[in-house]
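First up is the structure itself, then whatever we jot down about it.
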Amino acid sequence: MRLLSYMGQWKSAAKEVLDRSAIVAKFLCLLHVTNNYLCSPTLVYGPSMLPTLNLTGDVVLAEHVSHRIGKVGTGDLVLVRSPVDPRRILTKRVVGMEGDTVSFYVDPMYSRTTVF
1 MRLLSYMGQW KSAAKEVLDR SAIVAKFLCL LHVTNNYLCS PTLVYGPSML
51 PTLNLTGDVV LAEHVSHRIG KVGTGDLVLV RSPVDPRRIL TKRVVGMEGD
101 TVSFYVDPMY SRTTVF
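Read in order, the letters of the sequence shown are residues 1 to 116 in the UniProt record's numbering.
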């Protein structure tokens, strides 16, 4: 009789562990889908995006849907993987789309580039 009592307690504890494990697994799956297919937090730093983003670094929420449905437009910020160092993520602003004419002027006095 005592053995049945212990078995009942063990069964109850095992069910509790399985229930909690299922909740954790569902949460991790949701986190994975959200991070890889919907949006993910990204640390962006450097001088190229001043004054929009801070030099010391900003955390931005990068959404992953627009480029899949073709909704990237002029003026949008995009995150791209560096061709030189694939571990680095670069932040750039879209200045023109396919078919647009883009011209730029380099100021020799200040070494600044102006895009028209």
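For glycine and all other residues, C-beta sits at the position ideal for the given N, C-alpha and C.
Going by C-alpha distance, which of the options is nearest residue i?
{"i": "G73", "options": "G96, C39, L18, R87", "result": "G96"}
{"i": "P47", "options": "T101, V106, G8, R93", "result": "R93"}
{"i": "A62", "options": "L50, N35, P51", "result": "N35"}
{"i": "I89", "options": "P41, Q9, A22", "result": "P41"}
{"i": "E98", "options": "L43, V33, G70", "result": "G70"}
So what does DSSP say about residue i, is it helix, strand or coil?
{"i": "L61", "result": "strand"}
{"i": "K92", "result": "strand"}
{"i": "S48", "result": "helix"}
{"i": "L87", "result": "The sequence given here places Arg at residue 87; Leu does not occur at that position. Reduced to three states, the DSSP call for R87 is coil."}
Which term fits residue i, buried or exposed, when burial requires 16 or more other beta carbons within 10 angstroms of its beta carbon?
{"i": "V102", "result": "exposed"}
{"i": "T91", "result": "buried"}
Can you check whether the CB of residue j is closer than 9 Å to the CB of residue i?
{"i": "Y37", "j": "D58", "result": "no"}
{"i": "H64", "j": "C39", "result": "yes"}
{"i": "T52", "j": "L77", "result": "yes"}
Of all the CB atoms in chain C, is at least one closer than 9 Å to the CB of residue i?
{"i": "P83", "result": "No chain C appears in this structure, which consists of one protein chain only."}
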